[in-house]
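Residue numbers 4 to 479, in our numbering, belong to the letters of the sequence shown in order. Cβ coordinates follow ideal geometry from the N, Cα and C atoms, glycine included. A quick note: this is a predicted structure, and the numbers were derived from the prediction, not measured.
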Amino acid sequence: MPQSVFFRPSDAWVGDVIPFEQDGELWLYYLYERRATPKPGTPWHLVVTRDLVHLRDHGVALAHGADTDADFNAYTGSVVRDADGVHHLFYTGQNPANTGADGLPLQLVMHATSVDGMRSWQKHPAHTFGAPDGYESADWRDPFVFRDEQRGVWRMLIAARHRTGPRRRRGVIAQCVSSDLVHWEPTEPFWDPRRYITHECPEVFRLGDWWYLVYSEFSDAFTTRYRMARTPDGPWLAPDRDTVDGRAFYAAKSAELNGRRVFAGWIATREGETDDGAWQWAGTLSLLEAVQNDDGTLAFRVPAEIVATFTQDVPAGLPPTALDAADGFACVVGTAPMPDQYYVRAELDIAPGTTECGLLLRASEDGDHGYLVRLEPKRGRMVLDRWPRRSTGEAQWQISGDVPFTLELERPADLSGASHTIEVIVEHDIAVIVLDRQVCLSTRLYDMTHDRLGIFAGEGSVKVSDLQVRRRPSTP
């Protein structure tokens, strides 16, 4: 059986990931979500990789507290190493029974240290602190610490909310500073756009001449976004395409590994394991690489090491394909079934004026049923669609024909050129789609169980100049 691309523990799900580079390895701490009732406490678990392909599961890294402890749930944070080689772990402590004046559970910044290379952690409850005046006590989480060498201080970013103002737009990235990683003083907010409910999992890093601020939000859209600036103090600029991925890839954070920027997030599951189920918190670990474009914006793609593991050709039964559907729709579907795990790369030459074209995944033999990875040049976007769509009744007109793609799975894309490349990794119910090594769209594929690959075009023409389908070899 081939090794899995996407990690999840056998008895739980992957929540927010906290990546940290240590001696040429990527340490991926994550929130261990068990989805049990009554809800157990949340610890940090750990997987480690050197090559982005083979992940070693180390189990519990930071245990959650007892029923009465402030860190019954040990939520998201960050790890840094000081000048003496001591590692400092900052995390969010929360206990549903520990409430503030508003009756909501307190969120607290908590601290642990390691003097043995992160093999064990010593908690320091006395270093715990909550939101200062002016901030809501139930939103004080996800501490991210980094060293400001120019000022000679440590800076901590915290996902917070102002206590007053329009409820939807109180989100702020609060800031504290410290000289010793123990005593923290509140200072001016790091970023205060008054735009979102909150900015979860904030982080900041530098690539070349640009600084990047990354955060996740769920008010304008449920997604991870980034901003750009020339200094870590802003002003922060919004690029035209300011998202890392779509709805299903959330709470992404990054670390530098051998001079590269690797993002780690989770691909959400859906309730009932159906395409129309509500998105759930936590899912399966997924890694993406960010590459800086010439203008400073970021491109996102699957790391090359992962793609390179797909070495065995798979016959798709698709002949050299050129489709011409000037005023209609045309498709061709392969004659060979696809495996449960495969990689496909298709280079499409799209005629000017074409309305739509792309790949069919898990298509029926006639191409009528399946998932569509659809490029829409006139609208400048890539979307995921499916057919049949949801039905709201028995009548023919009650098929959701007015929902032209899966909501929240739309990605803006530059489709102005003639040639574009789609890459897809499919593994069981997961698909990660990459367009032109710039734009990512991750999702779940639950309902369609057909197994063919196809190409389609609508109101225009497309030619497939290169098609590769490969699988991973089985492991002993």
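With 16 other Cβ atoms within 10 Å as the buried cut-off, status of residue i
{"i": "G463", "result": "buried"}
{"i": "T79", "result": "buried"}
{"i": "F221", "result": "exposed"}
{"i": "A281", "result": "exposed"}
{"i": "T246", "result": "buried"}
{"i": "G88", "result": "exposed"}
{"i": "L29", "result": "buried"}
{"i": "H186", "result": "exposed"}
{"i": "G137", "result": "exposed"}
{"i": "P46", "result": "buried"}
{"i": "N76", "result": "buried"}
{"i": "Q178", "result": "buried"}
{"i": "M113", "result": "buried"}
{"i": "K466", "result": "buried"}
{"i": "F332", "result": "exposed"}
{"i": "E397", "result": "exposed"}
{"i": "T338", "result": "exposed"}
{"i": "N98", "result": "buried"}
{"i": "M159", "result": "buried"}
{"i": "E188", "result": "exposed"}
{"i": "W194", "result": "buried"}
{"i": "R122", "result": "exposed"}
{"i": "H453", "result": "buried"}
Whole-number beta carbon distance between residue j and residue i, since they are thought to touch under 8 Å
{"i": "A319", "j": "L456", "result": "5 Å"}
{"i": "R414", "j": "V376", "result": "So it is not a contact: roughly 10 Å between Cβ atoms."}
{"i": "T287", "j": "I436", "result": "Actually they do not touch by this definition, with Cβ atoms about 16 Å apart."}
{"i": "A416", "j": "M385", "result": "5 Å"}
{"i": "D60", "j": "Q110", "result": "At roughly 28 Å, the Cβ-Cβ gap does not stay under 8 Å, so D60 and Q110 are not in contact."}
{"i": "D248", "j": "L55", "result": "Wrong, their Cβ atoms sit about 17 Å apart, outside the cutoff."}
{"i": "L31", "j": "P22", "result": "6 Å"}
{"i": "A254", "j": "W269", "result": "7 Å"}
{"i": "R473", "j": "Q315", "result": "6 Å"}
Three-state class that DSSP yields for residue i in the structure shown
{"i": "V386", "result": "strand"}
{"i": "R171", "result": "helix"}
{"i": "A319", "result": "coil"}
{"i": "H186", "result": "coil"}
{"i": "A307", "result": "helix"}
{"i": "A302", "result": "strand"}
{"i": "P340", "result": "coil"}
{"i": "P135", "result": "coil"}
{"i": "R233", "result": "coil"}
{"i": "Y345", "result": "strand"}
{"i": "P196", "result": "coil"}
{"i": "S477", "result": "coil"}
{"i": "F149", "result": "strand"}
{"i": "G356", "result": "coil"}
{"i": "C331", "result": "Per the sequence shown, the amino acid found at residue 331 is Gly instead of Cys. Three-state result, G331: strand."}
{"i": "F208", "result": "strand"}
{"i": "Q295", "result": "strand"}
{"i": "T312", "result": "coil"}
{"i": "D223", "result": "coil"}
{"i": "D142", "result": "strand"}
Residue i: first and last residue of the uninterrupted beta strand (DSSP E) it sits in
{"i": "V180", "result": "G174 to S181"}
{"i": "I458", "result": "R455 to R474"}
{"i": "H202", "result": "Where H202 is concerned, there is no enclosing beta strand (DSSP E), given that its DSSP letter is neither H nor E."}
{"i": "W124", "result": "Neither: W124 is in no beta strand (DSSP E) and is coded neither H nor E."}
{"i": "L160", "result": "V156 to H165"}
{"i": "Y218", "result": "W213 to E220"}
{"i": "L49", "result": "W47 to T52"}
{"i": "L448", "result": "Neither: L448 is in no beta strand (DSSP E) and is coded neither H nor E."}
The ligand ADP heavy atom lying under 7 Å from the CB of residue i
{"i": "R414", "result": "Absent from the structure shown: the ligand ADP. Ligands present: none."}
Complete runs of the beta strand (DSSP E) confined to the stretch 55-114 [at least 3 residues]: For the stretch 55-114, the full-length beta strand (DSSP E) segments reaching 3 residues or more read 59-65, 76-84 and 90-102 along the chain.
Every unbroken alpha helix (DSSP H) within the stretch 240-281, with a cutoff of 4 residues, ordered by chain: none
Start-end ranges of the beta strand (DSSP E) lying completely within the stretch 367-436, minimum 3 residues: 373-379, 384-390, 413-415 and 422-430
Entirely enclosed beta strand (DSSP E) segments - the stretch 8-36, minimum 3 residues: 16-25 and 28-36
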